[in-house]
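Following: one structure in structure tokens, then a few remarks.
Numbering (our numbering), first residue to last: 5 to 313.
Structural data, given as structure tokens:
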């Protein structure tokens with residue numbers, strides 16, 4: 005079964021990973037992982053939510069969900085399919101068995117392909133007694149005083165223009181690894197099956213593809229950043245950005261996941277990619293990532309400012 009959850013409720017996403025069997029293992033709990041130096045219990049999503057077949061993968065992907073009092077709980081899934089904006093008009097209220105008191109679902113989204121996505125109710129999810137109890141076994145978050153001390157100690161060489169933030173970032177690779185506000189992205193799509201080639205002054209524009217009755221430019225993120233062109237492959241995704249009349253699709257090599265920024269600062273003056281850089285809380289992502297304003301890039305492309313910058 006396919007499930008949906010508001011991105012703001014997600015603490016982070018974890019790629020394929022072995023789940024450690026521990027004293028937590030039993031029933032719907034598969035075990036635990038260490039994520040950002042915190043222990044997180046991992047639940048089998050299909051068993052907890054009561055829909056779909058059992059997990060097919062021995063190394064599932066994991067969606068780490070925010071629970072009350074700073075606790076965390078992971079849901080093990082076969083694959084994280086896409087991040088997209090959903091309009092209220094697209095949603096249908098659940099009925100029948102799923103509408104019973106205590107149901108974890110609010111709506112059903114019907115895909116163009118005919119499949120269904122069951123949208124979770126975040127308030128009911130985090131108050132479900134069994135899940136709430138399991139979340140308390142996660143390591144406690146750092147005390148506010150400790151976080152403040154770490155933030156005050158964090159320095160960015162060559163600049164004092166530092167903004168402390170918990171901005172939710174989408175991390176992706178398009179010639180190099182970069183990040184952007186998750187709210188800049190309307191939808192994340194697979195590579196379009198139909199692409200009308202474009203011949204023009206900008207090599208970054210690969211062609212036009214149909215989306216919601218409009219012809220949308222497909223732009224190579226790598227070329228727009230002045231990097232060598234990426235060859236389309238099975239991992240490629242398209243980030244849909246901008247208002248309907250000026251929408252642009254940016255082709256990226258791979259979407260790495262959702263992360264939280266620790267701070268955002270001015271980039272080195274020599275940078276030709278981005279005026280801002282972000283330090284993410286995920287310690288496995290070393291150094292600073294260019295922080296892109298995707299909406300600004302989409303606007304500049306729609307007004308024919310097509311040169312890499």
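C-beta: ideal position from N, C-alpha, C; glycine also.
Residue i, DSSP secondary structure in three states
i: residue 195; result: coil
i: residue 48; result: strand
i: residue 302; result: helix
i: residue 180; result: coil
i: residue 277; result: coil
i: residue 28; result: coil
i: residue 226; result: helix
i: residue 200; result: strand
i: residue 130; result: helix
i: residue 255; result: strand
i: residue 144; result: coil
i: residue 56; result: coil
i: residue 38; result: strand
i: residue 74; result: helix
i: residue 5; result: coil
i: residue 247; result: coil
Own chain partners of residue i with C-beta closer than 6 Å, once the 5 adjacent residues on each side are dropped
i: residue 78; result: 44, 46, 66, 68
i: residue 229; result: 179, 277
i: residue 139; result: 71, 75, 77
i: residue 145; result: 74
i: residue 296; result: 182, 184, 278
i: residue 208; result: 223, 224, 227, 228
Check whether residue i and residue j have beta carbons under 7 Å apart
i: residue 253; j: residue 302; result: no
i: residue 26; j: residue 10; result: no
i: residue 265; j: residue 282; result: yes
i: residue 183; j: residue 292; result: no
i: residue 143; j: residue 299; result: no
i: residue 225; j: residue 258; result: no
i: residue 236; j: residue 195; result: yes
In DSSP terms, what residue i is bridged to
i: residue 263; result: 173
i: residue 214; result: 219
i: residue 293; result: 282
i: residue 17; result: 67
i: residue 114; result: 120
i: residue 167; result: 268
i: residue 231; result: None, per the DSSP bridge assignment.
i: residue 287; result: DSSP output for residue 287 lists no bridge partner at all.
i: residue 185; result: 173
CB contact below 7 Å: residue i versus chain B
i: residue 199; result: Judged by its chain identifiers, the structure shown contains no chain B, having just a single protein chain.
Integer-rounded CB distance, given that residue j should sit under 8 Å from residue i
i: residue 84; j: residue 17; result: 6 Å
i: residue 241; j: residue 192; result: 5 Å
i: residue 223; j: residue 210; result: 7 Å
i: residue 107; j: residue 121; result: Rounded, the Cβ-Cβ distance is 16 Å, inconsistent with contact.
i: residue 80; j: residue 49; result: 6 Å
i: residue 32; j: residue 20; result: No, residue 32 and residue 20 are not in contact; Cβ-Cβ is about 21 Å, not under 8 Å.
i: residue 141; j: residue 135; result: Not quite, the Cβ-Cβ distance comes to about 11 Å (not below 8 Å), so this is no contact.
i: residue 109; j: residue 125; result: 6 Å
Close Cβ partners of residue i (< 7 Å) along its chain, the five nearest in sequence each way excluded
i: residue 82; result: 59, 60, 61, 64
i: residue 162; result: With a pLDDT of only 42 at residue 162, under the threshold of 50, the placement of this residue in the model should not be trusted; the figure read from the coordinates follows. 272, listed in sequence order.
i: residue 198; result: 213, 214
i: residue 22; result: 63
8 Å Cβ shell around residue i - same chain, five flanking residues per side excluded
i: residue 262; result: 11, 14, 16, 17, 87, 172, 173, 174, 175, 186
i: residue 90; result: 8, 113, 123
i: residue 285; result: 40, 263, 264, 265, 266
i: residue 96; result: 111, 112, 113, 114
i: residue 190; result: 88, 89, 244, 245, 246, 251
i: residue 201; result: 210, 211
i: residue 133; result: none
i: residue 232; result: 179, 226
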